[in-house]
Structures are given as C-alpha cells and as structure tokens.
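To start, the structure under review is shown below, and the notes come after it.
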Amino acid sequence: MQCRLHVTVGHKNGRSYARDIFAGKPFRAMPVGQYAADNALHLMLMSVSPGILDGDHYDVRFDLDAHARLRLEAQSYQRLYTMNTRATQEMTITLAPGSDFAYVPYPVVPHRDSTFISKTRVELHPGARFLLGEIITCGRKLSGERFEYTRFQNLVEVVTPDGTLLLKDNVVLIPAAMPLTEIGLLEGYTHQGTLICLGQEDDGTLLDRLHDELVTEAGITFGISATRYPGFVLRILGPGGEQLHRCFERIRDIIWDL
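When we follow our numbering, the leftmost residue of the sequence shown carries the number 26, and every step to the right adds one.
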C-alpha cells in the first residue's frame with residue numbers, strides 16, 4: 026500500500042498552526058495540546074493499520090515555515106509484520122529559519138522475517154532546530170522472539186539548503202549476519218535507541234546536564250557526543266522500550282524548553 030502524510034506548519038501572530046495536512050490511509054493527524062503555553066503546534070500521529078505490512082511504502086513529509094514549531098506525538102508502538110519482501114519509508118523534513126521540530130516516537134517492533142528500509146532527509150536552515158528519536162526493539166520479546174527479523178535499516182541525513190552534509194547516521198541491523206548480542210554491538214541488551222538533535226547551541230553545560238539527567242537511570246548504558254554542527258547524538262542501550270522512550274522524552278522536554 027502507498028501511504029502518504031504531508032504536513033505544512035505555518036506561523037502567524039506568534040503561534041504555530043497546521044497550514045495544510047494531507048493524511049492518506051492509514052494515517053490520521055490530530056491536533057492536541059491546544060492550550061499549551063509554548064504556542065507550538067502539537068500533533069498526534071495515528072494509524073488505522075495494525076502496523077507496517079509487506080509491500081507498504083510510507084511517504085512522509087513535514088514542512089515548517091519560518092519560526093514555526095511542531096512537536097509530534099505517536100499513538101503506539103510501530104509494528105513491522107512478517108514479510109515476504111520488504112516495506113520502505115521515505116521521510117522528508119524541511120525546516121525554515123528559526124523553526125523547531127521535535128519527534129520522539131514509540132519503539133519499533135520488528136516481527137520475525139520482517140525487512141524495513143527507511144530514509145530520512147532533513148533540510149536545516151540557519152537558526153532552525155531538529156530533534157528526532159528512534160528506538161528499536163529485538164522483536165516480540167515477551168513471546169520469546171528475539172532478533173528474528175531479516176533486516177532493519179534507517180538512514181538519516183541532515184543537510185543545509187545548498188546540500189552540504191551536516192550529519193549522516195546509518196543504522197543497519199541484520200541479525201543473521203551480525204552478532205548483535207556481542208561486544209561492540211548490543212552487548213547483551215535487547216533494545217537500542219538513537220536521539221539526534223541539531224541546531225541547539227551548547228553553553229558548555231548542556232551535555233553535562235543531559236548526562237546527569239540519565240546517569241541515575243538503572244539498567245541502561247548510554248553515551249552523548251557533541252556534533253560539529255551545534256547539537257548532539259545520544260545513543261542508549263537497555264532492556265525495555267518503555268524505559269528508553271521515557272529517557273528520550275525527558276531529554277526532549279529539556280531541549281524543547283531551552
């Protein structure tokens with residue numbers, strides 16, 4: 026199935042608003058947080074599908090006007106069902122000067138024999154800020170299914186308006202060809218997450234503050250690296266998706282209020 030979601034966010038009189046939303050099946054996008062004090066547009070992304078199916082292609086696009094702010098929320102975990110071929114996704118995000126985008130979706134659950142190839146391309150204009158998280162589970166852990174999917178790949182590229190590459194992150198997981206539980210990979214953990222933030226200046230204390238926010242969290246391993254372009258990348262390993270998602274939400278909330 027060909028699935029399209031295109032959202033354009035405008036900014037007028039100090040408030041962000043949904044200037045245009047095209048949500049083809051199975052997508053729905055519902056405004057929430059109308060009374061939030063940040064004057065941003067808060068959208069809940071929903072789907073009438075139980076998950077991503079064999080042969081699905083998701084075309085997702087977000088365009089933010091100058092100074093517009095968009096904070097996305099997800100409805101539930103994203104399931105990748107058993108497939109004979111593959112499912113794909115292309116996400117394009119264009120952030121005009123001074124705009125702000127934040128999205129921390131719930132974890133992805135790849136079922137046995139699933140293959141998912143995703144590419145996200147972000148065009149980041151001066152003064153814009155971008156934050157995106159992703160958490161990948163081992164599969165249906167409580168059903169005894171661990172790392173039985175075929176392939177999971179997510180490529181994220183962030184570029185300037187003239188195409189200069191600012192950041193490239195390529196997560197490729199092929200359980201049959203990679204010892205995912207060994208040293209150098211997941212090292213016994215079953216869940217991994219990546220949080221990318223670009224366009225956030227650091228006054229010299231930000232990374233320490235983010236580190237202190239997570240250092241007392243039991244059962245996880247994490248690291249935060251500053252990027253050459255102002256921002257950071259957070260990697261985290263843990264035993265459960267809910268815990269990692271809560272960690273990412275805490276970091277997002279800190280950044281969002283800066």
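Beta carbons are placed, not taken as given, at the ideal position from N, Cα and C, and that holds for glycine.
- Residue pairing from DSSP places Ser250 in a beta bridge opposite Val258.
- Linking Ile208 to Ile261 through their CA atoms gives a straight-line distance of about 15 Å.
- Met108 and Gly80 have their C-alpha atoms spaced approximately 8 Å apart.
- For Cys163, the three-state secondary structure derived from DSSP is coil.
- Of Leu232, Leu239 and Phe257, the smallest CA-CA separation from Cys222 is found for Phe257.
- With respect to the C-alpha of Thr33, the residue from Val134, Leu95, Gly39 and Gly265 having the closest C-alpha is Leu95.
- According to DSSP, Asn179 shares a beta bridge with Ser143 and Val196.
- Tyr60 and Ala48 have their C-alpha atoms spaced approximately 24 Å apart.
- In the three-state reduction of the DSSP assignment, Ile46 falls in the strand class.
- With contacts defined as CB atoms closer than 9 Å, Leu105 and Val134 qualify as a contacting pair.
- In this structure, Leu66 sits near Tyr42, with a CB-CB distance shorter than 9 Å.
- If you draw a straight line from the Cα of Ile160 to the Cα of Asp237, it comes to about 21 Å.
- If you compare the alpha carbons of Gln225, Met26, Arg253 and Ala201 with that of Phe126, the shortest gap goes to Gln225.
- Just so you know, the alpha carbons of Cys272 and Leu192 end up roughly 23 Å apart.
- Of Leu231, Arg253 and Tyr254, the smallest CA-CA separation from Arg277 is found for Leu231.
- Within the stretch 50-76, the complete beta strand (DSSP E) segments at least 3 residues long are 52-57 and 66-72, listed from N- to C-terminus.
- In the DSSP secondary-structure assignment, Ile245 is not bridged to any residue.
- Short of 6 Å from the beta carbon of Val196, and not among the five residues preceding or following it, lie these beta carbons of its own chain, in chain order: Asn179.
- According to DSSP, residue pairing for Ile221 in a beta bridge involves Leu157 and Val258.
- Gly169 counts as exposed, since fewer than 16 other beta carbons sit within 10 angstroms of its beta carbon.
- The Cβ neighbour count for Leu190, taken over all protein chains shown within 10 Å, is under 16; the residue is labelled exposed.
- Thr145 is classed as buried because its beta carbon has at least 16 other beta carbons within 10 Å across all chains shown.
- Arg234 sits exposed, since fewer than 16 C-beta atoms from the chains shown fall within 10 Å of its C-beta.
- Closest by C-alpha distance to Phe172, out of Pro56, Met55 and Leu205, is Leu205.
- When the Cα atoms are used, Asp194 and Val181 turn out to be separated by approximately 5 Å.
- The Cβ atoms of Gly158 and Leu198 do not sit closer than 9 Å to each other.
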